[in-house]
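Colleague: Before I ask anything, let me first share the structure, which is written out below as structure tokens.
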Amino acid sequence: MTRAYQCANVPGPHLGKVATSASVAAAIKRAERPILIVGSELRHLDWALDLATEQDIPIVATAHVAGAVREKGVRPDREMGAIEITNLLKSPEWDGVRAEGQHDLVIFTDVLYYMEAQMLSALKHFAPHPKAISLARGHQPNADQSLPNLSEKKLGEFLAGVAEGLAEV
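Residue numbering for the sequence shown follows the working numbering, beginning at 1 and increasing consecutively.
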């Protein structure tokens with residue numbers, strides 16, 4: 001078991017699992033309608049855009065991220081605030097970003113830790129239908145799967161492992 005990256009993040013008795021590269025890749029492969037939420041930190045934008053493009057995952061660009069995504073030659077499926085997308089994901093009647101049905105897997109990357117903690121808490125308590133994966137270098141105990149607390153270098157190795165796992169047939 002690992003501790004939350006920020007000690008004040010007290011999630012209650014239901015904790016998510018510590019992810020491995022293989023478990024994240026397997027969850028993405030299993031998902032019928034995943035969604036990728038990209039936050040404002042932009043540390044791993046290239047990796048996230050490669051993931052979304054290769055796996056045909058809709059991208060939601062939050063904050064000022066849409067401009068950076070377009071500069072990379074990718075058009076985000078939606079541009080909206082982090083709270084707005086969280087509220088939509090809580091609704092079982094929402095048809096999803098591409099109007100193909102509610103998403104069954106939510107992948108968070110580069111979202112500010114404290115903002116993501118609240119988004120994950122809301123999804124955990126009010127949206128039981130989607131699973132959530134946090135790809136932040138700080139452990140998010142409200143996610144179904146979250147990385148352990150990692151250095152930036154180790155996070156890069158972890159993400160490379162996810163890409164390798166997805167490339168396997």
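Using N, Cα and C, we set each Cβ at its ideal position, and we do this for glycine too.
(1) Taking C-alpha atoms, which residue in I28, P76 and G16 lies nearest to V38?
(2) Which residue comes first and which comes last in the alpha helix (DSSP H) that contains V24?
(3) What residues in its chain sit with their C-beta under 7 angstroms from that of L89, if we drop five residues either side in the sequence?
(4) Please return the same chain residues whose Cβ sits closer than 6 angstroms to the Cβ of I57, not counting the five positions on each side in sequence.
(5) In whole angstroms, what is the alpha-carbon distance linking H64 and A52?
(6) From the DSSP output, in three-state form, read off T53 for me.
(7) From what residue to what residue does the alpha helix (DSSP H) around K72 run?
(8) Roughly how far, in whole angstroms, is the beta-carbon of A19 from the beta-carbon of L147, given that I think they are within contact range, below 8 angstroms?
(9) In whole angstroms, what separates the C-alpha of N108 from that of E168?
(10) For T109, name the three-state secondary structure that DSSP assigns.
(11) Check each candidate in N149, A132 and S151 and name the one with the smallest Cα separation from N188.
(12) Do V162 and V24 have their C-beta atoms closer together than 9 angstroms?
(13) With distances taken Cα to Cα, identify the nearest neighbour of L42 among H125, E54 and V69.
(14) Report yes if the CB atom of S84 is closer than 9 angstroms to the CB atom of L166, and no otherwise.
(15) Which same chain residues, not among the five before or five after L155, have their C-beta less than 6 angstroms away from its C-beta?
(16) Near D95, which residues of its chain fall below 8 angstroms by C-beta distance, leaving aside the five closest residues on each side in sequence?
Modeller: Taking the coordinates as given:
(1) Of the listed residues, the one whose Cα sits closest to V38 is P76.
(2) Per DSSP, the continuous alpha helix (DSSP H) segment holding V24 begins and ends at S21 to R30.
(3) The beta carbon of L89 sits closer than 7 angstroms to those of H103, V106, L123, A127 and P130, all from its chain and outside the five residues before and after it, given in chain order.
(4) Hits under 6 angstroms: P34 and L36.
(5) Cα to Cα, H64 sits roughly 18 angstroms from A52.
(6) Here T53 sits in helix by DSSP.
(7) Per DSSP, K72 lies in no alpha helix (DSSP H) and is assigned neither H nor E.
(8) Rounded to whole angstroms, the Cβ separation of A19 and L147 is 6 angstroms, and the two are in contact under 8 angstroms.
(9) Note that residue 108 is Phe in the sequence shown here, rather than Asn. One C-alpha to the other measures close to 22 angstroms.
(10) Three-state result, T109: strand.
(11) Any property of residue 188 remains undetermined from this structure, which presents the chain solely from 1 to 169.
(12) It is a contact, given that the beta carbons lie within the stated cut-off.
(13) Considering only H125, E54 and V69, the residue with the shortest C-alpha distance to L42 is V69.
(14) According to the sequence displayed, residue 84 carries Glu and not Ser. Cβ distance not < 9 angstroms, so E84 and L166 don't count as in contact.
(15) Taken in chain order, the residues that qualify are R137.
(16) Closer than 8 angstroms at the Cβ level, and outside the excluded window around D95, lie G101 and Q102.
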